[in-house]
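Residue numbers (this note's numbering), protein chains in the order written: chain A, 1 to 331; chain B, 332 to 662; chain C, 663 to 881; chain D, 882 to 1100. In what follows, a structure is listed as structure tokens, so that the remarks can point back to it.
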Ligand SMILES: Nc1ncnc2c1ncn2[C@@H]1O[C@H](COP(=O)(O)OP(=O)(O)O)[C@@H](O)[C@H]1O
Ligand SMILES: Nc1ncnc2c1ncn2[C@@H]1O[C@H](COP(=O)(O)OP(=O)(O)O)[C@@H](O)[C@H]1O
Ligand SMILES: [Mg+2]
Ligand SMILES: [Mg+2]
Ligand SMILES: [Mg+2]
Ligand SMILES: [Mg+2]
């Protein structure tokens, strides 16, 4: 396992400690519950926004805590939803009379733990509500599944709600806003390599030297199909078409485009992918208002990328353009 | 080769095109000479700052072009210094009566090409001067070598000179400033894996599953020694001691700390390294004024990291804190 | 059949914890076939604390004891397993709140309550290829012995372990419809469900722990 | 010995270009032993343009022709090779500016000028394990034939190729002191210098191109 790690059991806590040490003014750290939170939160006049999923997706979600983004995050172990109690303590810590918004990525573990925590918190009279994000078009909603997965599109829900919350939006406004963003954002990813959870020590799946996994999940879950490695342009074309046709987007749409690296792919390659995505947008008559090229939601050191399209309107354009400040400045 | 690439021969041009497409307001692109430059440069009242080394180190240097940083960059092929003519055209394009500053990382190829270009430009009456950066402590200055390599410390020279240039500093002031930063910054890196230049198609060096390369160069040049993989803390300790003792730093120093990922290492691991670096600074009585955790100067998809320490004073702290705006926001 | 005492329950939990810790890597590998390879780690992170806090656990009643187990698990286990196992133990605890020994009939009711709790929590039903497809047959098997005074505890346990073991192969070619595995759709066909394997392994290990020769070993 | 014509020079350059393109991957692999694996790619990126522009090249004189080659290389080749090969051809061009044929004596002087130019450009000296350690012996060998009217061009070329080839093994265990290799210090011991191999390969291929059987093949 080629990793910078001490005792694998301490991978997450030591990472969180590092994030806290690197942001002494901005952030605070509660080791008992893996909580990274804003030093100046909660505040009575602002809805608190929290999230917590498995670790291994950095910068999501702990490095997305800061002004204009999340108020707190409580990750679980690598690729494992946080225990219910972490979620519950995170909600309690960020409790505000204006309310607490929990943004959940649609995985069964995340949902069950947060649902239990939200129930407990509500039972104690805390004004907390949750919203579930599911932007991944790779896995179709079917009786097989608990529905689509929440992946990189999550960033846009956080960014939009974070900006609106700073402006004083109510909890119900934010729920509507989250629903709106989630309904207009679509993502699909592709993996070139597997990845190795520190505690497991071996790759999470096998993949041949000339293979790629189309529609991979951010926990290394197999995707739509295994295929032979294709050219960068061919790969973008497949992701773009899947995403474009799913909403569907249409000529004239104003959009935000995200090329998200899965962790092991260098940014040079991400710009090669962006080049093709920009060409495709032009072809299809989409106007790119904002673009995001970098790492937003990763799978440890997996080589791969995802493409996200978000349909914009004036409200969303304003919110995306609003200032924000987090450990990794990726917006 | 697990890469997002079309024809490997187009790796660099397609990446540059992507960067230009992603920053239509900020940047312009001159394909004939691989030049990425500020749309609003050159200006008569500001010294232009340019750089160009091999590609494969992104975000260095093309993604460091923008207000408060570089005015232009002209990279060569992956790991290969740009041809003399690219350098020459880059200088000519950024020509300003206030002068042009060329920041060169200390590699023979970079030096020879830029030296020839600077000579030619000067012969044409262009007011251009160059400065050579050599912050890598891994390779000792000796008759064996053309001197130390320029690595991640280069970022601080760019940031300081970029900020000073915006404030109207003269070419000679900037040369002095560059010399000051270079004299106070030290770096050493470590590689866990090799990397594969697209045109080569195979790893640049072999390394065992339990080995690491201590003091690796950013082009995969072998470093000080091959060793068995150690814990994250042990690795930071070796890098820290090498860097700390080289200057040497001393208790009471105010410093900037950079943990730079080499491309394939996820940011989660970089924060695990930062955690230890912060502990070591505290032990040694160093005050961390600013920290940088992320990718600044990479080697394609190489898994690894480098640690940089910069001794600060009021002047440098002000310059590092000055606003800047580049394709990847990493300062 | 003679009643099941708090001591019996303690020994069972202890054996279950041992199984979870011994198989941490193995259970995660099973989960990597179609899931995300964290099942073993998740389970172990909970039962490790059970072992650590073992001496301080409330032993005023079987229910009090199981409630503590439930709390430790929801507190420390992430993923699907925390809510599922935590809910299961909590429901079982509710039916044995003030008892220091239970009959086979009561054990069967506790298991049924646990199964229903898990179904409510995660929305899974029999046939979704989850640990329910091991727990339900086990509960049914135990039900067969309810009321038979001659029932030999060892035999009941052996038979329960046997049906759980059978569930591994019986469900192997099913499609997982819950948890991370479910995202892989058809891909889950052919690989055993980690949760089912865990339940079977725990029961077979428990047999050995109490000196009963299991019918067969869990694969 | 009869003079070397522009046609001879053209053929030599064409052969050199062929060698560079044929060995693009191989030369880069040599460079990866102790360097950064770009030598072959760098060289090829220059000579590829030489081939592309072949018909438009200025042929008014040997010097004019070589100057064009020099410009194409400095324009298109990065790394150390651009300045080094560009400077070498430029210096050689300067001494043959208005000649359409040259004597062996003049060829020797052109080579000497190229060697001096490369030394000034990159600061390397004999013994630094660079292509100079192939070029210098080649120049010396040619010097031996200068003034000998009976000298057979084929023999001169064969002998030149031979000493270049010898340089590969002779310098293999030296420490590289220039270019990327030099950063690896002792690590460069044992691996041949890519530039030396390139020079030797080019001369041996040139032998074959003009129908001369080389003494030995470059490794
Ligand atoms: N909704 C559910 N109901 C019951 N059991 C479930 C459910 N989802 C998953 N499981 C069980 O949990 C196991 C996976 O646990 P774990 O890996 O910890 O969860 P996750 O899917 O979050 O990674 C599966 O093998 C299955 O037996
Ligand atoms: N200073 C120098 N003088 C002469 N030849 C040199 C010098 N530096 C490198 N070389 C030659 O160039 C070859 C390497 O070329 P190349 O790989 O293109 O340069 P770089 O070191 O920039 O990657 C070496 O094998 C050596 O023969
Ligand atoms: Mg999980
Ligand atoms: Mg090079
Ligand atoms: Mg799992
Ligand atoms: Mg080289």
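By construction, the Cβ of each residue, glycine as well, lies at the ideal position given by its N, Cα and C atoms. None of the values given here were measured: they were computed from a predicted structure.
| Item | Value |
| --- | --- |
| Distance cut-off 7 Å: residue 741 of chain C Cβ against heavy atoms of ligand 5 | yes |
| Residue 77 of chain A and residue 700 of chain C closer than 8 Å at C-beta | yes |
| Cutoff 8 Å: residue 143 of chain A Cβ touching any chain B Cβ | Only weak support exists for where residue 143 of chain A lies, its pLDDT of 49 falling under 50; the coordinates are left without a value. |
| Residues that residue 334 of chain B contacts on chain A, provided the C-beta gap is smaller than 7 Å | 269 |
| Min CB distance residue 551 of chain B to chain D below 8 Å | yes |
| Residue 818 of chain C versus residue 729 of chain C: straight-line alpha-carbon distance, rounded | 25 Å |
| Per DSSP, the bridge partner or partners of residue 636 of chain B | B/521, B/592 |
| 8 Å Cβ cutoff, residue 85 of chain A in contact with chain C | yes |
| Contact set between the segment 916-932 of chain D and chain B, restricted to residues whose Cβ is under 8 Å from the partner | 916, 917, 918, 919, 922, 923, 926 |
| Entirely enclosed alpha helix (DSSP H) segments - the segment 731-779 of chain C, minimum 4 residues | 743-756 |
| Listed by chain order, chain A residues near residue 750 of chain C by CB distance under 8 Å | Going along chain A, no residue has its Cβ under 8 Å from residue 750 of chain C, so there is no contact; the nearest lies around 12 Å. |
| Close-in-space but distant-in-sequence residues of the same chain around residue 143 of chain A (CB under 6 Å, 5 per side omitted) | In this prediction, residue 143 of chain A scores a pLDDT of 49, lower than 50, which makes its location untrustworthy; no coordinate-derived value is stated. |
| Min CB distance residue 489 of chain B to chain A below 8 Å | no |
| 8 Å Cβ cutoff, residue 690 of chain C in contact with chain A | yes |
| Distance cut-off 7 Å: residue 697 of chain C Cβ against heavy atoms of ligand 5 | yes |
| DSSP-derived helix/strand/coil call for residue 812 of chain C | coil |
| Short Cβ contact (8 Å threshold) for residue 596 of chain B with residue 211 of chain A | no |
| Three-state class that DSSP yields for residue 114 of chain A in the structure shown | helix |
| Residue 919 of chain D CB to nearest heavy atom of ligand 6 below 7 Å | yes |
| Proximal chain D residues relative to residue 440 of chain B, where beta-carbon distance stays under 7 Å | 959, 960, 961 |
| Residues in the segment 272-289 of chain A having any Cβ partner in chain B nearer than 7 Å | 272, 273, 274, 275, 278 |
| Within 8 Å of chain C by C-beta, residues of the segment 56-81 of chain A in sequence order | 76, 77, 78, 79, 80, 81 |
| Close beta carbons around residue 1005 of chain D, own chain, < 6 Å, minus the five adjacent residues each side | 1011, 1013, 1059 |
| is_contact[residue 16 of chain A, chain C] using C-beta, thresh 8 Å | no |
| Per DSSP, the bridge partner or partners of residue 670 of chain B | A query on residue 670 of chain B cannot be resolved here, the shown segment of chain B reaching from 332 to 662 and no further. |
| Buried versus exposed, by CB contacts within 10 Å (16 or more), residue 245 of chain A | exposed |
| Inter-residue Cα distance where the pair is residue 535 of chain B and residue 39 of chain A | 45 Å |
| Beta-carbon neighbours of residue 964 of chain D, restricted to chain G and to distances below 7 Å | Here chain G cannot be found, since the structure's protein chains are A, B, C and D. |
| Distance between residue 512 of chain B and residue 643 of chain B (C-alpha atoms, nearest Å) | 9 Å |
| Option nearest residue 1072 of chain D by Cα separation, candidates D/994, D/1092, D/1048 | D/1048 |
| Alpha-carbon spacing of residue 961 of chain D relative to residue 614 of chain B, whole angstroms | 43 Å |
| Burial state of residue 873 of chain C, where buried means 16 or more other Cβ atoms lie within 10 Å | exposed |
| When A/200, A/237, A/139 are compared against residue 216 of chain A, the one with the closest alpha-carbon | A/139 |
| C-alpha distance - residue 721 of chain C paired with residue 560 of chain B, whole-angstrom precision | 47 Å |
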